[in-house]
Amino acid sequence: MSISHDDSPAGLAQAGLVPGAPVDLATGAVRVRRLLGLNPGPMTGPGTNSYLLGTQSLTLIDPGPIDAAQQQNFLDAIGDATLTNIVVTHTHGDHSPAAKGLAALTGARLIGLNAPDAAGQDHSFVSDRVCTDGDVIACQDGASHYSLQLVHTPGHVSNHLCVLLREEGMLFTGDHVLQGTTPVILPPDGNMSDYLNSLTRLLELPLVSLAPAHGEMMLAPFTEIEKLIAHRLKREAKILGALRELGECSDDDLVQKAYDDVGSHLLVWAKKTMSAHLIKLEQDGLALFDAPLWKAVR
Ligand SMILES: [Zn+2]
38 MSISHDDSPA GLAQAGLVPG APVDLATGAV RVRRLLGLNP GPMTGPGTNS
88 YLLGTQSLTL IDPGPIDAAQ QQNFLDAIGD ATLTNIVVTH THGDHSPAAK
138 GLAALTGARL IGLNAPDAAG QDHSFVSDRV CTDGDVIACQ DGASHYSLQL
188 VHTPGHVSNH LCVLLREEGM LFTGDHVLQG TTPVILPPDG NMSDYLNSLT
238 RLLELPLVSL APAHGEMMLA PFTEIEKLIA HRLKREAKIL GALRELGECS
288 DDDLVQKAYD DVGSHLLVWA KKTMSAHLIK LEQDGLALFD APLWKAVR
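Mapping the sequence shown onto our numbering, position 217 (from 1) lands on 254, and the numbers just tick up by one.
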């Protein structure tokens with residue numbers, strides 16, 4: 038689960054992309070291929086992007102949902118090489134469920150943070166190693182090598198990792214940063230304060246590009262991240278403004294006003310992310326919840 042559509046442009050096009058067919062991103066010294074999943078939909082946009090790194094000792098990032106056809110596509114793309122690692126950015130159903138079966142077939146080890154106790158989580162994924170922020174996974178790839186740095190980025194979910202391919206400055210962002218839309222932040226496991234902190238932390242990394250789990254590559258990483266932070270803070274300010282204007286109000290009334298720029302059919306998703314904003318505002322001492330009504334602290 039990834040996309041809130043609270044403010045996204047209509048649709049996410051990945052023009053010319055054939056789902057399941059590997060596309061060489063040809064970004065630098067380390068080979069990176071992208072395979073678009075066979076799972077387009079309202080929550081996944083064009084589908085889940087899986088990334089295959091290396092030439093002989095491979096790492097697959099986010100294998101996606103269980104899908105026999107896509108599993109065969111992975112095996113075809115792997116060919117005579119060895120799949121050494123399967124890394125999952127998080128354990129939502131469109132990212133991790135295929136990992137276990139593919140690991141059993143290939144002997145790859147599983148790397149990621151196990152599922153928290155929350156809705157929509159894939160508990161079949163169990164990491165083969167304990168992962169902590171800053172861990173570097175070194176991969177000898179024939180005569181060459183590449184290294185992956187794990188960056189813990191809670192917010193969309195508490196167990197979210199971004200993965201930095203250090204030789205290329207390429208950050209695999211999972212659902213933390215998406216192209217053309219914004220991720221849903223679903224409390225209580227999703228947390229807006231954490232999300233903003235996790236975005237700010239990315240600004241310290243030596244980034245060259247962002248490779249999201251949904252949508253196209255982004256080649257201006259700092260601009261994209263700063264835009265996303267500004268967008269969330271602007272929405273927060275709008276929610277607080279609406280709260281001050283309305284006085285005590287239900288979240289149904291509040292969402293109408295705070296998201297008056299969003300189509301009414303999308304308000305059900307907007308409301309979820311709004312609740313994450315409200316929890317942050319409450320923690321910041323700016324809003325108060327007196328069930329079932331919210332009000333601003335003046
Ligand atoms: Zn997700």
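Backbone N, C-alpha and C fix where the C-beta goes; we use that ideal spot for every residue, glycine too.
Only a predicted model underlies this, so the values are computations on that prediction, with no experimental measurement involved.
Rounded straight-line distance, which links the Cα of residue j to that of residue i
{"i": "aspartate 43", "j": "valine 299", "result": "In this prediction, aspartate 43 scores a pLDDT of 46, lower than 50, which makes its location untrustworthy; no coordinate-derived value is stated."}
{"i": "histidine 302", "j": "glycine 78", "result": "16 Å"}
{"i": "threonine 310", "j": "glutamate 285", "result": "20 Å"}
{"i": "methionine 255", "j": "valine 163", "result": "30 Å"}
{"i": "glutamine 93", "j": "aspartate 289", "result": "54 Å"}
{"i": "threonine 218", "j": "aspartate 165", "result": "32 Å"}
{"i": "glycine 171", "j": "serine 235", "result": "13 Å"}
{"i": "asparagine 122", "j": "isoleucine 266", "result": "32 Å"}
{"i": "aspartate 99", "j": "leucine 283", "result": "43 Å"}
CA nearest to the CA of residue i, picked from the options
{"i": "leucine 201", "options": "Arg335, Gly211, Ser195", "result": "Gly211"}
{"i": "leucine 185", "options": "Val194, Ser312, Cys168", "result": "Cys168"}
{"i": "proline 225", "options": "Gly57, Asn196, Glu241, Arg272", "result": "Asn196"}
{"i": "glycine 227", "options": "Val245, Ser312, Lys294, Thr218", "result": "Ser312"}
{"i": "leucine 139", "options": "Pro153, Leu150, His129, Val124", "result": "Val124"}
{"i": "leucine 147", "options": "Leu120, Gly171, Asp154", "result": "Leu120"}
{"i": "alanine 295", "options": "Pro249, Val305, Ala279, Gly157", "result": "Ala279"}
{"i": "proline 102", "options": "Val305, Pro153, Gly157, Asp117", "result": "Gly157"}
DSSP state of residue i mapped onto helix, strand, coil
{"i": "serine 235", "result": "helix"}
{"i": "histidine 268", "result": "helix"}
{"i": "proline 329", "result": "coil"}
{"i": "methionine 254", "result": "coil"}
{"i": "serine 301", "result": "helix"}
{"i": "histidine 314", "result": "helix"}
Same chain, Cβ closer than 8 Å to residue i, neighbours up to 5 away in sequence not counted
{"i": "valine 334", "result": "Gly322, Leu323, Ala324, Leu325"}
{"i": "histidine 127", "result": "Ser133, Gly149, Leu150, His193, Val194, Asn196, His197, Leu198, Gly211, Asp212"}
Nonlocal neighbours in the same chain, by C-beta distance under 6 Å from residue i, ignoring five residues either side
{"i": "aspartate 61", "result": "Arg70"}
{"i": "threonine 223", "result": "Reading off the sequence, residue 223 comes out as leucine, not threonine. Hits under 6 Å: Lys309."}
{"i": "lysine 317", "result": "Met229, Ser230"}
{"i": "aspartate 104", "result": "Leu75"}
Any non-hydrogen atom of ligand 1 within 8 Å of residue i CB
{"i": "valine 200", "result": "no"}
{"i": "proline 220", "result": "yes"}
{"i": "valine 194", "result": "yes"}
{"i": "histidine 160", "result": "no"}
{"i": "aspartate 290", "result": "no"}
{"i": "glycine 211", "result": "yes"}
Own chain, CB closer than 7 Å to residue i, minus 5 neighbours either side, in chain order
{"i": "leucine 330", "result": "Glu285, Cys286, Ser287"}
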